[in-house]
Structure formats: C-alpha cells, structure tokens
Amino acid sequence: MKLWKKLSLVAVLVMLGGMAVSGLAVLNHEKQYNQEKTLESYGQQLKFTAYSLGKELESGLRAGYNQVTMNSYVDFVMRRFEGYQYILIKDGQVISNRTPYELVKPEDERWGGKEPYSVIFKRDNQYFLIMGQGISVGGSSEYKLVLIQDISQLYGDIRQQAIYSLVIYLCAAVVSVVLIFLIIRRILTPLKELQSASLDISGGNLKRRAIVHTKDEIGSVATAFNAMADQIENQVTELEQESERRRQLLGSLTHEMKTPMTSIIGYSDTLLHVNLNEEQMQRALYHIKEECSRLERLGSKLMSLMGLYDNDSICLEEVSIQEIFEKTARLEALPLSQKGIRLEYQCTMGKRRVDRDLFESLLVNLIDNSARASKEGDIIYLAGEKNRILVKDQGCGIPKEEIERVTEAFYMVDKARSRKEGGCGLGLALCARIAALHGARLMIESKLGEGTQISVVFEE
Amino acid sequence: MRVRTKILVIEDDTSILELICMNLEAAGYETVAIRDGLEAAEYLQECRENVVALALVDVMLPGKDGFALMEDFQKAKIPVIYLTAKDDVISKVHGLKSGAEDYIVKPFEVLELLVRIEKVLKRTGRSRQKIQIRDVVINLKEHSVTKAGKKVALKPLEYELLVTLASSKNVAFSREELLNQIWGCEYMGETRTVDVHIGQLRKKLEFHDVIRTISKTGYRLEDSL
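Chains D and F, in that order, give the protein sequences.
Going by our numbering, the letters in the first sequence line up with residues 337 to 796, in that order.
Going by our numbering, the letters in the second sequence line up with residues 244 to 468, in that order.
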C-alpha cells in the first residue's frame with residue numbers, strides 16, 4: 337500500500353472515530369439535560385399543584401363537608417386546576433382521575449413522598465412520565481397527587497437531533513476524507529519527485545537533481561539526496577577522467593612502443609632476408625640494441641609511473657632537503673660532467689615530510705631534463721627556499737603554447753632531439769605525479785632560447 | 244652509368260629512416276632521407292619534375308605532418324605511400340582519400356614494403372625501364388633479356404621470376420611468395436616448381452652464384468650494393 341494511502345486511511349479513521357465519539361457524547365449530554373429540565377419543570381408544576389390542592393382540601397375539610405360533597409369538591413378543585421394530567425389518590429384509592437390513563441398501582445408508596453418521585457416508562461414507542469407526591473392536608477398525608485405526562489415529544493426531538501447530527505457528520509466526513517486525501521497527497525508529492533530523480537540517476541543521468549523546495553523533513557532528505565548526487569557525479573566524473581587519462585596513456589604507450597618495435601622487427605627482418613655488407617650489418621645490430629634499450633627504459637619508467645598511480649602508499653618522513661640535494665648532486669655528477677654541464681645548488685630550506693626515494697627521483701628527473709636541454713658549458717641551478725624547490729637551466733626553453741602539455745605522458749616538444757638524448761616523454765609526467773603525491777605542484781616558467789625554470793611548490 | 248630510381252623517405256625516427264634507406268638501397272633504389280615536415284616541403288619546392296619517383300612519408304612529423312604535405316607532393320607530381328604507426332581506419336581512409344597510392348602500417352615487413360613500392364611504381368608508370376645485374380640487362384619495356392649483349396631466350400614464367408627477383412635484389416623471397424607473385428595465389432602447385440624454374444634461370448644466365456639459395460627461407464638475387 338502506498339504511503340499516502342496509509343497515512344490518509346489512518347488520519348481518516350482517527351478523525352471519523354473522534355467525531356463519532358464526541359458527537360455521541362454531545363447527543364447523550366443533550367438528552368440528559370433535556371430530560372432533567374423536563375423533570376424539573378414538571379416537578380415544579382407538581383409541587384405547586386400539590387401545595388395549592390393541599391390548601392384547597394384543607395379548607396374543604398375545615399368546612400366539614402361530608403364524603404360525597406368532599407368528593408365533588410375535590411373534583412371541582414381538580415377541574416379548576418385544569419388538571420388533565422393529574423390523578424388524585426386517597427388511601428390507595430383513585431378519587432379523581434382527569435387523565436386518559438389508568439394508574440395500575442395507586443396504592444404504591446412511592447407516590448407518597450414529600451418530594452416528587454418520577455418514573456419514565458416506555459410503551460409502544462411512547463414515553464410516559466409518571467411523577468407522584470404526597471399532599472399534606474392538615475398534617476395527615478393520605479392524599480397523593482400523581483402526574484402522568486406523555487413525553488414522547490422529548491425523545492422524538494432527541495432522535496430528530498441525532499439523525500440531523502448523523503447527516504452533518506456524514507457530510508463532514510466525506511468532505512474531510514477528500515480533503516485529507518488531497519492534502520496528504522500534496523504533502524507527499526516531493527517524494528515522487530525524489531523517486532523519479534533517483535530513477536533518473538540510476539538510469540545514468542547523473543546531472544539530475546531532485547527539485548524540492550519544502551522546508552520539512554522531505555525537503556531535508558531531498559537536500560541530502562542532492563548532496564549525495566553531487567558527490568557521486570563528482571566521483572564518476574573523476575573516474576571517467578582518470579580512465580580517459582589511462583586510455584590515452586595506453587594509446588600513447590602503444591604508439592610509443594610501435595616505433596622501436598618497427599625498428600627491431602625491420603632490422604631483424606633485413607638481417608635475415610637481405611644481402612647486406614659488413615658495415616650495414618653492424619649498423620642494423622647497433623640499431624636493434626639501441627631500440628631494445630629504449631624499450632627497456634620506457635618499460636622501467638612506465639613501471640614507476642604505474643606504480644605511483646596504483647599504489648598510493650608512499651613513505652613520508654622528515655628529511656633534510658639539504659641532504660637530498662647533496663645526494664642528487666653526487667648521482668648527477670658523472671653524467672653531467674661528461675656533457676660539460678655544471679650543477680650548482682643551495683638550500684635554505686629546513687626539513688620536510690617527503691618520501692626520500694621518490695623525491696630524489698623527482699630531482700634527478702628534473703635535472704636530467706634540464707641537462708637534455710642544455711649545451712656544453714651551461715650551468716644548472718638547484719635551489720630550495722621557503723616552500724619551493726626550483727631547477728633552473730640555461731637551455732633551449734619550451735615554446736609557450738607547449739608548456740601546458742609537457743607534463744602529459746609521452747608528450748615531447750622535440751621528438752627527434754629528445755629521443756637522441758634518451759628521453760621517452762615520461763619524465764615530467766612522473767615528476768608531476770610525485771609532486772602531487774607530496775601535495776605539491778609543478779610550476780613551469782620558460783623562455784625560448786633563454787632557459788627553463790621548474791619549481792616544485794608545496795601547498796601550505 | 245646506371246640511373247637508379249630515386250625515392251624520397253620522410254621519417255622523423257632516425258633508426259626507422261636508416262632502416263628504410265638501407266633496404267631500398269640494397270634493393271637498388273637511390274634514397275633521399277628527410278626528417279622534418281618543413282624540410283620536406285622546402286625540398287619539394289626546389290625539386291625538378293621526374294627526379295623523384297616516389298615518396299614514403301610518415302604521418303606524424305615535426306613541423307608539418309604527412310597529411311598536410313600531400314598538397315606539396317601533388318604539386319610536384321610525386322606519388323605518396325604513407326608509412327605510419329596510425330593503424331586506425333579513419334587515418335587509413337583519410338590517407339588514401341587525400342590521394343595517397345598506398346598506406347602501410349608500422350611495423351612492416353621489408354619484402355612487403357618493396358613489393359608495394361614496385362606495384363605503385365608500375366601503376367604510376369614510373370617503373371625502371373632496364374635492370375642491370377652484372378652483364379645481364381633486363382629490358383622491361385621490350386620484355387627481353389640480354390647477357391653480354393647477346394639475347395637470352397626465356398620462357399614467360401622464367402622471365403617473370405627473374406624480374407621479381409631482380410626488382411627487389413638482395414632481398415630473399417620464400418618459395419611461397421614467389422608462387423603467389425608469379426603463378427598467382429590460386430595456383431596450388433608445388434614449391435618444387437619454383438626450384439625447377441630457378442634452376443633454368445641459373446643455367447641460362449650463368450647465375451649460379453648470383454641467385455643464391457638461402458636456407459630455410461628461399462632465394463635471393465645478389466648484386467653489389
């Protein structure tokens with residue numbers, strides 16, 4: 337069963353129940369009240385009549401009428417009181433009955449009390465009030481006055497009222513049931529929007545958001561839902577970008593591997609099938625070896641890059657940057673001196689939390705890059721200050737429009753030159769990745785023909 | 244002096260460039276090696292007509308890429324074979340539609356490259372008129388073969404075999420490849436057929452040490468490089 341139906345049903349049942357109970361209570365109270373009022377008014381009337389009748393009878397007795405005269409006197413008096421409803425009883429005998437009814441038990445003592453005693457009884461859908469009181473005539477109480485009144489009218493009124501109430505009740509119930517259904521449906525409509533939004537999102541439309549403006553719990557659920565959708569969208573976008581980057585990396589890798597493969601296959605094929613002279617054979621073998629080592633370099637660089645992507649567990653420790661500079665300088669001393677390039681370094685930076693091996697490899701890569709761009713006699717500066725480490729060279733520089741792309745894997749500004757120097761287009765990609773793992777970023781400034789400065793800037 | 248067919252090779256990777264040139268020269272072509280797109284465009288501006296018979300062009304080149312160079316080649320009336328690592332269909336279609344004669348994907352086999360070059364040259368009417376091996380001259384126009392000036396009578400299949408071997412001299416053909424080339428791929432003959440014809444050629448042209456049997460491969464017509 338749908339929630340709105342459940343809620344509506346419960347609300348309707350509770351409301352109908354409450355209305356019925358209160359309606360019945362009001363009706364009942366009304367009935368009691370009317371009955372009491374009627375009894376009270378008849379009681380007053382009876383009392384009054386009894387008192388006046390008592391006075392008349394007393395004067396009759398004082399006049400000393402005989403029995404017969406007394407009886408007609410009584411009859412006369414009763415008539416004077418318009419007593420159509422009264423029965424006068426003396427010593428258990430009805431002496432005057434102006435009512436159309438017979439009193440079954442005139443001797444009943446209940447009608448003889450000082451205060452009116454009343455009984456209501458029902459016969460053939462008619463209600464009768466019987467009320468009796470003793471009349472004190474000269475101190476004795478042999479006279480009783482009984483009032484009999486048809487009070488069906490009163491009950492009829494009450495029934496009429498009950499029917500009337502029931503009609504109102506039913507009308508109100510129908511109207512309020514409809515209203516409750518509509519209102520609850522309206523309150524719950526945002527849930528529908530939420531549901532359709534979830535369906536859309538699970539169907540792949542990650543841009544979809546639930547449009548709910550209410551300030552109630554549904555509104556806050558929708559807000560939370562939208563926040564969740566934002567998060568999911570971000571993550572999916574990130575994943576897509578990541579997989580796109582990997583796809584491109586793989587594509588470039590295939591292409592990058594094809595070139596040395598073409599050489600190796602081509603030269604071996606040539607050696608096998610073509611009649612070559614000694615010198616050509618030597619050249620072929622030399623190229624095969626060169627291309628194999630290029631592949632091997634590519635492989636190991638790629639392995640480290642992949643490792644940095646897949647395994648984010650780097651080992652950060654407090655390391656003196658000065659120490660790393662010294663070690664890097666030792667590592668680079670020989671290759672640089674062979675090219676006639678000098679490395680100068682200076683460090684005013686204290687200790688920092690870095691991964692020693694990765695950071696060394698970052699610096700070595702940057703210096704190798706600079707060395708590739710430099711010519712004999714150039715100087716490479718390595719400096720550490722405040723929150724950045726920079727490597728500066730006097731090499732050929734990077735064209736402005738290519739600076740953005742140099743950190744892409746396999747991107748080479750000058751392919752032929754880079755290849756000749758043993759580059760495979762992964763160095764800066766590796767550096768950027770290592771920097772990112774340390775919460776730093778690479779900043780590249782370069783002027784064509786004047787040199788390049790690459791800074792590793794730590795975000796504070 | 245022998246006039247050799249000149250082929251332009253444009254390729255930015257040194258080792259592949261040298262590989263192609265090495266093979267083309269072994270097969271008897273003259274090569275011009277260029278590593279850069281702009282350099283190639285410059286060369287084409289200056290080159291006279293009918294000097295270069297064919298160009299082998301890499302697509303991804305520094306300066307100006309191979310597709311962009313097509314206009315320059317068409318101006319210079321040089322047929323183009325693209326030689327590239329781009330093996331997607333779109334690049335192939337683009338390359339061929341833009342007017343290239345052929346599209347070869349790296350890595351390629353030397354023999355395949357030579358055969359395709361030969362086919363393109365034939366198609367564009369730029370085949371060599373004569374092939375000379377030592378004192379034997381093959382006149383491709385007249386379908387005749389002379390040895391030391393004297394005419395040698397060869398059966399049609401023997402002639403085809405000689406032309407195939409001589410067109411890609413110094414390169415070894417397997418028996419299957421020769422069968423495919425000369426007898427056509429439908430021919431279900433035995434590879435022994437090839438051996439018989441080779442024997443005939445050796446005898447008629449005294450090519451016993453020129454047409455060499457390469458063990459496990461096939462035959463190769465060897466000539467000075």
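The beta carbon of each residue, even a glycine, is placed where N, CA and C say it ideally should be.
A quick note: this is a predicted structure, and the numbers were derived from the prediction, not measured.
- For D:R619, the chain F residues whose C-beta falls within less than 8 Å of its own C-beta are E261 and M265, listed in chain order.
- At least 7 Å separates the beta-carbon of D:G428 from that of D:E438.
- The beta carbon of D:M355 is closer than 8 Å to those of Y505, A508 and A509 in its chain, skipping five residues each way along the sequence.
- Note on the stretch 297–359 of chain F: whole beta strand (DSSP E) runs with a minimum of 3 residues are 297–300, 323–327 and 345–348, in chain order.
- When DSSP states are grouped into helix, strand and coil, D:Y505 belongs to the helix group.
- In the three-state reduction of the DSSP assignment, D:Y453 falls in the strand class, which pools E and B.
- For D:G761, none of the residues of chain F pass the 8 Å Cβ criterion, the least Cβ distance being about 13 Å.
- Per DSSP, D:S782 lies in no alpha helix (DSSP H); the unbroken beta strand (DSSP E) holding it starts and ends at A776 to K783.
- In terms of Cα proximity to D:E580, the closest of D:L363, D:D750 and D:A745 is D:A745.
- Residue range Q462 to V473 is occupied by the beta strand (DSSP E) that includes D:Q462.
- Among the CB atoms of chain F, none fall inside 7 Å of the CB of D:V793.
- D:W340 and D:A546 have their C-alpha atoms some 19 Å from each other.
- Beta bridge pairing from DSSP links F:N423 with no other residue.
- The C-beta of F:N413 comes closer than 7 Å to at least one C-beta of chain D.
- Each residue's CA atom was taken as its position, placing D:R582 and D:D704 some 25 Å apart.
- F:L405 has its alpha-carbon roughly 34 Å from the corresponding atom of D:T595.
- Under the Cβ criterion of 7 Å, D:M597 is counted among the residues facing chain F.
- F:A415 sits away from F:R445, with the two beta carbons spaced by 7 Å or more.
- If you keep only unbroken beta strand (DSSP E) runs of at least 3 residues inside the stretch 708–739 of chain D, you get 715–721 and 724–728.
- Residue F:K349 holds the alpha-carbon nearest to the alpha-carbon of F:D301 among F:E285, F:E361, F:K349 and F:D315.
- Distance between D:G787 and F:V295, taken at the CA atoms: about 41 Å.
- For D:K594, the residues of chain F that pass the 7 Å Cβ criterion are A328, K349 and P350, in the order they occur in the chain.
- In this structure, D:R434 sits away from D:Y453, with a CB-CB distance that is not shorter than 7 Å.
- If you draw a straight line from the Cα of F:T460 to the Cα of D:M642, it comes to about 42 Å.
- Taking the Cα of F:A391 as reference, the smallest distance to any Cα among F:I376, F:D466, F:A284 and F:L422 is reached at F:I376.
- The DSSP assignment places no complete run of the alpha helix (DSSP H) inside the stretch 511–581 of chain D (cut-off: 4 residues).
- Across the set D:R689, D:I499, D:H623 and D:E626, the C-alpha of D:R689 shows the shortest separation from the C-alpha of D:E654.
- Look at D:G396 here: in three-state DSSP terms it is helix.
- Looking at the DSSP output, D:R459 sits in a beta bridge with D:Q462.
- Taking C-beta separations shorter than 6 Å and ignoring five residues to either side along the sequence, the partners of F:G306 in its chain run D279, G280 and L281, following chain order.
- Contact annotation, F:L297 with F:I360: C-beta distance approximately 6 Å; criterion of less than 8 Å satisfied.
- Among the CB atoms of chain D, one or more fall inside 7 Å of the CB of F:A269.
- Counting every other CB atom within 10 Å of its CB across the protein chains shown gives D:P671 a total below 16, marking it as exposed.
- Looking at the DSSP output, F:A276 shares a beta bridge with F:V252.
- Neighbours of F:R463 in chain D, taken as residues at a C-beta separation under 7 Å, are given in chain order as N611.
- With a cut-off of 8 Å on Cβ pairs, the stretch 258–277 of chain F is not in contact with the stretch 758–771 of chain D, counting fewer than three such pairs.
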